[in-house]
Amino acid sequence: MSGRLNGKVALVTGIGAGIGRGIALMFAREGATVIGCDINPVTASATVEAAATEGLTISSVHPCDLTSPVDAKRYVEFAAAQHGRIDMLVNAAAIPPHMASAAEMDYQGQWVPTLVGEVDIVFLATQAAWPYLLESGKASIINFASVNAFRGSSNFGMVAHCAGKAAVLGMTRQLALEGGPLIRANTISPGLVVTAATESAGGTQGAIRANLLARIPMKRLGSPEDIAWCAVFLASDESSWITGSNFPVDGGVLSA
Ligand SMILES: NC(=O)c1ccc[n+]([C@@H]2O[C@H](COP(=O)([O-])OP(=O)(O)OC[C@H]3O[C@@H](n4cnc5c(N)ncnc54)[C@H](O)[C@@H]3O)[C@@H](O)[C@H]2O)c1
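Its first residue numbered 126, the sequence shown is counted upward by one per residue in this note's numbering.
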């Protein structure tokens, strides 16, 4: 690897699975000091071990529930105490959204937890890390919206998910404004990425997969590494004049 993140201290949330795991490993390969966290101690430990088998070090705070302000602060303070600085925050942790239509969605049981698990979880970690990111002076926040911030789905009812992802997009633009010039903030909007969660939700198989592939110019679903390469760019000084922007990484689906 080329050391594009040498000397940077990165918080990566949700390292136990999917995109967070892919980014934590890629950032470590590119020379960053990575401090991860996850609510699931078993999967977070597995990522730490996977890094170790490559001769890399990832430290992790787990279990850590980022929907709790106390846990978000505990995570950030651990990293700051260990490393004295924080240069990047990648908010990849998210609770799988409840998939229901507007007609069927239960307000307390489905709408509220989806919004907390997609929006509050980003805000709380960001607020806890903010003073350290300001101190860094060349900080980068990377949040995850989705193609569903821009378009609905004919495969699933996802009214809360679409609202949550559009909220992350809007929040990130405001973070860019409030953070500049010391903190940059951008979103990545993935298309369908194959992870344990998207597989178990049935998003990557059968007729739904065929439907999706028909609309994707690149004719394949995404991998966590496809997303991680964009995150490396947004975390590095290569993107030092980019803030408040959104990067679709979706095989071209938004253009189709
Ligand atoms: N995978 C996709 O196809 C896709 C598409 C568009 C957007 N995204 C977005 O990208 C981001 C990452 O998605 P993913 O597919 O890697 O998700 P994932 O479900 O595979 O992984 C999320 C991780 O977050 C952890 N987590 C859940 N709740 C937590 C909490 N309260 N505190 C701390 N950790 C918690 C989980 O244990 C898990 O390890 C999310 O914001 C998601 O909405 C994903």
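All C-beta atoms in this analysis are idealised placements derived from N, C-alpha and C, irrespective of residue type, glycine included.
- Fully enclosed beta strand (DSSP E) runs of no fewer than 3 residues occupy 158-162 and 183-186 of the region 137-189, in order along the chain.
- Around ligand 1, the residues selected by a Cβ distance under 5 Å to any of its heavy atoms are Gly-139, Gly-141, Ala-142, Gly-143, Ile-144, Asp-163, Ile-164, Asn-165, Asp-190, Leu-191, Thr-192, Ala-217, Ala-218, Ala-219, Ile-220, Phe-269, Ser-271, Pro-315, Leu-317, Val-318, Thr-320, Ala-322 and Thr-323, following chain order.
- Burial state of Lys-290 is buried, judged by a 10 Å Cβ sphere holding 16 or more other Cβ atoms.
- Of the candidates Arg-340, Ala-360, Leu-259 and Pro-188, the residue whose Cα lies closest to the Cα of Val-167 is Pro-188.
- Out of Thr-368, Gly-277, Ala-381 and Met-151, the CA that lies nearest to the CA of Leu-181 is found in Met-151.
- In the three-state DSSP reduction, Arg-309 falls in the strand class (E or B).
- Counting only residues of its own chain and dropping the five nearest sequence neighbours on each side, Glu-155 has a CB closer than 6 Å to the CB of Met-126, Arg-129, Leu-130 and Val-357.
- Within the same chain, Cβ atoms closer than 7 Å to the Cβ of Ala-285 are found at Pro-222, His-223, Met-230, Gln-235, Trp-236, Thr-239 and Leu-240, the five residues on either side in sequence being excluded.
- If you keep only unbroken alpha helix (DSSP H) runs of at least 4 residues inside the region 229-305, you get 237-240, 246-261 and 284-304.
- Each residue's CA atom was taken as its position, placing Glu-350 and Ile-144 some 8 Å apart.
- With 16 or more other CB atoms across the displayed protein chains lying within 10 angstroms of its CB, Trp-255 is buried.
- The region 133-141 makes contact with the region 211-222, as at least three CB pairs between them are under 8 Å.
- One thing to note: Val-374 has its Cβ no nearer than 9 Å to the Cβ of Leu-346.
- Within the same chain, Cys-162, Tyr-200 and Phe-203 come within 6 Å of Val-186 by CB-CB distance, once the 5 residues on both sides are set aside.
- Close CB contacts of Leu-307 within its chain, under the 6 Å cut and outside five residues either way in sequence, are with Leu-259 and Gly-262 (chain order).
- Beyond the five residues adjoining it in sequence on each side, Ser-380 comes within less than 6 Å, by CB distance, of no other residue in the same chain.
- Cβ-Cβ separation between Ala-142 and Ala-321: approximately 6 Å, consistent with a contact (criterion under 8 Å).
- Across the set Leu-249, Asn-280, Val-159 and Tyr-257, the C-alpha of Leu-249 shows the shortest separation from the C-alpha of Asp-196.
- Only residues of its own chain outside the window of five on either side were considered, and among them Lys-263 and Arg-309 have a CB closer than 8 Å to the CB of Ser-365, listed in chain order.
- Taking the CA atoms as reference points, Ala-205 sits about 43 Å from Asn-280.
- Non-local C-beta neighbours of Ala-153 in its own chain, meaning closer than 6 Å and more than five positions away in sequence, comprise Val-159, Ala-176, Leu-181 and Ile-183, ordered along the chain.
- In this chain, the alpha helix (DSSP H) harbouring Leu-338 covers 331-340.
- In this structure, Thr-297 lies away from Ile-246, with their beta-carbon atoms at least 9 Å apart.
- Using a Cβ distance threshold of 9 Å, Lys-133 and Ala-360 count as a contacting pair.
- Straight through space, the alpha carbons of Asn-165 and Val-173 are spaced by roughly 13 Å.
- The Cβ-Cβ distance between Ile-313 and Ala-270 falls below 9 Å.
- Beta-bridge pairing by DSSP links Met-213 to Ala-135 and Ser-265.
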